[in-house]
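Before any comments, here is the structure.
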Amino acid sequence: MSTTRRNLFLWILFLSAVLSAALPAAQAAETGKAVTDATPRRFTLLVDPANAKVEILNLKTPYQPEMPLKPGRYHIAVSAPNFVTERGFVDVTDQDWIGKVVLLPMTTPAKGEENDESVAARIEEEWQKIKREKEQLGKNKQNLEREREKLDLAWKEVENAKTALEAQRKEWENSRKEAETKPLGSIPASENRLVPEKPQNGSPLKAVADKPNSEKAVTEKALAEQRTELPIPTPTPQAAPRKWSKEPALPVETPLPVPQPLAATHDPALQREGAATPAANANETPASNPEPAANLDAEHNTPATIPSAPSVAPTVTEKPVTEKSPTEKPVTEKPAMETSGVATAKSPEDKPQGALLNEAMRYLRLPRPPRSAAPPESEAVLLKLQQAQKEYPGNQAIAQAVQLHAKRYIAYVGLFEIKEKAEAMVSNIQALGVPAFLQAMTVKSKPVLRVCIGPFLQQNEAEKNLQFLLDKVEIKNPILRIYKQ
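Residue numbers (my numbering): 4 to 488.
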C-alpha cells in the first residue's frame, strides 16, 4: 500500500514539472504571434548633436526618422565623433514612440571612464619604459660579459702563477734532496737538541773572532766596498772561542776541544808580504820561534785555528822567551814550557815543526772563497803538513792542521737579496758567539748573499752551533755542508 502511494506521488511531481516547462513556451508563442500580427508604430529618436548616428542593433534596416516599427524591444546605439557613444533598449508598444538622446563630449568624460587616447598614451609610455629597461639590461649584460672575460684572464694568470710556483717548489725540493744527500749528517731531531758548550769568558781571541771577514765574497773586486762597510761587533763575554796552541799538544786524557774559526781581515798584499816570515823564523833558535808567530797574529789578524788541549794556555806573557839568549836554558823555565801553548819545542829537530805550523796558520784564511780551487801556497802547505805528519805521527798539532786544511764544516742559514739584511743577520749571529760570514752568489740571474756559519773542525760541533742558533734566531731550512779549501 505504501509503495503504491509513493509511485503516485512521483507521477504527480513529474506531470507538474512538464506542465511548468510547457506553459511559458506556449505563452511566448502566443505573444510572438500577437506581436507579428500587431500594427507597426512610428519610431522617432531626436539626437544632440544633430550629426549623431542612430543604429538599431537588432534590425538590419537603417534608422530613419518616423520609421514604422512593430511593437517590441529594440537595442539602440547613438554615436558621434568626439562624443561618448550611448547605448540602450527601447520598448515600442501600441503607440508611436518619440525620444531624445544627448551625447556627452569626450573632453569631459563621464566619471569612472577613460578615453581611448589617454589609454593609448599610457600604454605607449609603459612600452617606452619597458624598452628603456630592456636596453639597460642589454648594457648590463655586456658589462657582465666583459667582467667575465677579465675574470677569465685573471684566473688564467693565477693558474700560470700557480704552475710556476709548483715548478719552483719542485725545483727547490729537488735541490734540497740533492743537498741532503751530499752532507755527511743531518741536523739532530728536536727531541735530541744539544746546546753547544759556551767558550770561556774574557778570551783575548774574542775580538779577532768577532771581526767581519773581508774576504767573504767570490772575488775581492766584487766585494771591495763590503769590506769597508761591514760593522765590527762588540765582543761579548759568552762568545769567546776556544784556546789554541802552535806547538805540539801534550797528551791528555780528555778529547781535544774544537776551536771556533777566526775571521781573517788582513789585506792579501800584507799576507803575501808576510808569507816569508815563517821561513825566516825557521832559521832562528828554537826559543825565539814563538814570538814571531805571536807578532804575526797581532799584526795581520791571521786566524789561529790549531786546537790544543783544554789545559794548555793560549799565550805566555809573564816570561818572554825572546829576552833569553839561545844558550840560556834555566831549570826554572821548564814548568813554563809544559803550560805554554805558544812556545815550541826547544830541541833542534822540533824547529821545522814550529815554522811549518806558523806557515800553515798563515794560509788558514776564513772564510775561503767558495767554489774555487785551492791557492798554490795553500796546496804547498798541505803537502808540507802531510809530509810532516808522516815524519811526526804523534804530533797532534800537525794532525789537526792537516785536518783544518783538508776539510771543515759550514751551514747555510739564510739567503738575502738586500745586503743590509744579510749583514744584520751576520752581526746577530756573531753577537751570539757563533762565527758567521757571507758568500756572494747568483740565483736565477740575480745576485744574492748567503749567510753561513762556521767553518767548524768537527761535524758535531757544527751541528751543536746550528742547533743553538735554531733556538735563538729564526732560520728556515738550514743546510749542513763540507767546506773545503
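We put the beta carbon where it would ideally sit given N, CA and C, even for glycine. Source: prediction; values computed, not measured.
By a C-beta neighbour count over all protein chains shown, 10 Å radius and 16 as the cutoff for buried, is residue 441 buried or exposed?
buried
Check whether the segment 412-419 touches the segment 455-467, taking contact to mean three or more Cβ pairs, one atom from each stretch, closer than 8 Å.
The segment 412-419 is in contact with the segment 455-467.
If you draw a straight line from the alpha carbon of residue 68 to that of residue 22, how long is it in whole angstroms?
44 Å
Output the distance between the C-alpha atoms of residue 421 and residue 148, rounded to the nearest integer angstrom.
Straight through space, the alpha carbons of residue 148 and residue 421 are spaced by roughly 44 Å.
What are the partner residues of residue 18, as DSSP defines its beta bridges?
Paired residue(s): none; residue 18 is not in a bridge.
Could you please give the first and the last residue of the uninterrupted beta strand (DSSP E) stretch that includes residue 89?
Residues 89-95.
Can you tell me which of the three DSSP states residue 58 falls into?
strand
Quick check on the DSSP output: the beta strand (DSSP E) that includes residue 476 runs from which residue to which?
Neither: residue 476 is in no beta strand (DSSP E) and is coded neither H nor E.
Identify every run of the beta strand (DSSP E) within the segment 428-477, keeping only runs that are complete inside it and at least 3 residues long; order them along the chain.
439-446, 449-459
If we ignore side chains and look at the alpha-carbon of each, how far apart do residue 155 and residue 145 end up?
15 Å
For residue 42, name the three-state secondary structure that DSSP assigns.
coil
Measuring only the C-alpha atoms, how far is residue 346 from residue 399?
Here the model assigns residue 346 a pLDDT of 37, short of 50, so the residue's position is not dependable, and the following value carries that caveat. C-alpha separation (whole angstroms): 15 Å.
When DSSP labels each residue in this structure, what does residue 397 get in the three-state scheme?
coil
I'd like the span of the beta strand (DSSP E) that includes residue 101, first residue to last.
100-105
Using only the alpha-carbon positions, how far apart do residue 50 and residue 119 sit?
23 Å
Compare the Cα-Cα distances from residue 57 to each of 469, 434, 91 and report the closest residue.
91
Relative to the C-alpha of residue 54, which candidate in 86, 477, 76, 44 has its C-alpha closest?
86
Work out the CA separation of residue 84 and residue 72 for me, nearest whole Å.
28 Å
How many Å lie between residue 250 and residue 460 at the Cα?
Legend: pLDDT at residue 250 = 45, less than 50; position of this residue unreliable, no value from coordinates given.
Short of 7 Å in beta carbon distance, which residues of its chain neighbour residue 475, apart from the five on each side in sequence? Order them along the chain.
Counting only Cβ-Cβ distances below 7 Å, and skipping sequence neighbours, we find 435.
Using the rule of at least 16 other Cβ atoms within 10 Å of the residue's Cβ for burial, across every protein chain shown, is residue 468 buried or exposed?
Looking at its Cβ environment, which holds 16 or more other Cβ atoms inside 10 Å, residue 468 is buried.
Checking 8 Å against the spacing of the C-beta atoms, do residue 508 and residue 79 come in under that value?
The first residue shown for the chain is 4 and the last is 488, placing residue 508 beyond what the model contains.
Between residue 70 and residue 99, what straight-line distance do the alpha-carbon atoms span, to the nearest angstrom?
Going from the Cα of residue 70 to the Cα of residue 99 covers about 10 Å.
Which value, in whole angstroms, describes the spacing of the CA atoms of residue 121 and residue 135?
21 Å
Hey, residue 359 and residue 386 are a contact pair by Cβ (cut 8 Å); roughly how many whole angstroms apart?
That belief does not hold up - the Cβ atoms of residue 359 and residue 386 are roughly 11 Å apart, past 8 Å.
Return the bridge partner residues of residue 411 from the DSSP annotation.
486
Rounded to the nearest angstrom, what separates residue 158 and residue 143 at their Cα positions?
The straight-line gap separating the alpha-carbon atoms of residue 158 and residue 143 is approximately 22 Å.
How many Å lie between residue 377 and residue 394 at the Cα?
Confidence at residue 377 is low in this model, with a pLDDT of 45, below 50, so its placement is unreliable and no value can be given for it.
Helix, strand or coil, according to DSSP, for residue 421 in the structure here?
Here DSSP, grouped into helix, strand and coil, assigns residue 421 to coil.
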